[in-house]
Each structure stands twice: as structure tokens, then as C-alpha cells.
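Be aware that the sequence shown starts at 865, since it is given in the numbering used here, and climbs by one per residue.
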Amino acid sequence: MARVYAKRKGRSGSRKPYVKESPAWVPLKKDEIESLIVKMAGTGLTSAQIGLRLRDAYGVPDVRLATGKTITDIMKDKGVRLELPEDVSSLMKRAVQLQAHLRANPSDLSNKRALGLVESKIRRLSKYYKREGIIPEDWDYSMKLAEIGAK
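Encoded structure:
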């Protein structure tokens, strides 16, 4: 399948090894991993940051294999949830950075196009998340909302 904004096809990079169960050398048990996830989510980390911390600091290579659930599912079950999905919030931060750059450099046309592409991705994702019921139906993207959420 072709890329959305490039004229090349491309292939995905690396693939995870096909493993069905957690390795025996994982030092933490299921309930310990879940409590760490809840504690880290309480400090404001995203699910990707939690996964990196668990991998690097605690030696848990794959949370889904160790617990049977993803980090996002564990956060949802324990009642710790972010107000926006992680991909939308990171795209909104990127849009705020591009907008600040364009205020300082108004003639930068390539970044003006990049801002349009990022905002298009945000609108497409919001349409999907509204359809799936993850964000409210009345939620709408605006630059003011992105600036408030980026802080």
C-alpha cells in the first residue's frame, strides 16, 4: 500500500519475534506490573512512555505477554485514563510547535504545509475516535484547544 503523503510504497521496519508467552526471566509478576502501570500513569506518563520505562528500568520486554492485556487496557480497567488518546495529543503538541514556528517565520511555506497535514491527521483521527466512542461527539479540534492541551 502506498504512503499517504509520499509517492513511494515502503515497507514496515522491524517486526517483533513471534512469542506466545512471557519469557521466564521476567522479574515481575502480573499484579506488580499492573500496579507499576497505575503508579506511572498517575504521574502523567503516556502509555508509550510507561512501556519504555518498564522495558528499560524493570526488564519487562512485553506487557501484553506478561499480563495478557495492553497498557492502555490496564489503565482503562483501573480507572486511570487520559482525556485524549495519545496519538491525538502528540499531534496537537506538534501543531502547536509548528504554529509557534510560523509566527516567527511567516514565509516558511514548507512548514505551513506541514501544519496543514498535521491538522488533517488530527481531524481524521478525531472522526475515527468519535465514531468509536472514545472521545465525545461534541469534541472539536481548534488551535486554542491544542495550545491549552500542550501545556
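No residue lacks a Cβ here, since even glycine has one placed at the ideal position from N, Cα and C.
Counted within 10 angstroms of its Cβ, other Cβ atoms place residue i as buried (16 or more) or exposed
| i | result |
| --- | --- |
| I897 | buried |
| L900 | buried |
Endpoints, alpha helix (DSSP H) assigned at residue i
| i | result |
| --- | --- |
| V960 | 950-968 |
| I914 | 911-922 |
| K994 | 973-996 |
| I901 | 894-906 |
| T934 | Premise fails: T934 is in no alpha helix (DSSP H) and is neither H nor E. |
Cβ-Cβ separation, residue j to residue i (assumed contact under 8 Å), whole Å
| i | j | result |
| --- | --- | --- |
| V902 | A930 | Their Cβ separation, rounded to whole angstroms, is 15 Å, which puts V902 and A930 out of contact at 8 Å. |
| L981 | Y882 | In fact, because the Cβ distance is near 35 Å, the residues do not count as touching under 8 Å. |
| V952 | S990 | 7 Å |
| G915 | I935 | 6 Å |
| D926 | S878 | Actually they do not touch by this definition, with Cβ atoms about 14 Å apart. |
When the options are compared against residue i, the one with the closest alpha-carbon
| i | options | result |
| --- | --- | --- |
| L1009 | Y993, S974, P887, E947 | E947 |
| V944 | S911, D1004, D895 | S911 |
| A959 | P1000, G906, E1011 | E1011 |
| L979 | S1006, R995, D920 | S1006 |
Sequence-distant residues of the same chain with beta carbon closer than 8 Å to residue i, five excluded per side
| i | result |
| --- | --- |
| N975 | L962, H965, L966, N969 |
Residue-level contact to chain C via CB, residue i, 8 Å cutoff
| i | result |
| --- | --- |
| K985 | This model lacks chain C altogether; it includes just one protein chain. |
Same chain only: Cβ atoms within 7 Å of residue i, ignoring 5 sequence neighbours per side
| i | result |
| --- | --- |
| P949 | Y993, I998 |
Beta-carbon proximity list for residue i, same chain, < 6 Å, skipping 5 on both sides
| i | result |
| --- | --- |
| K894 | T931 |
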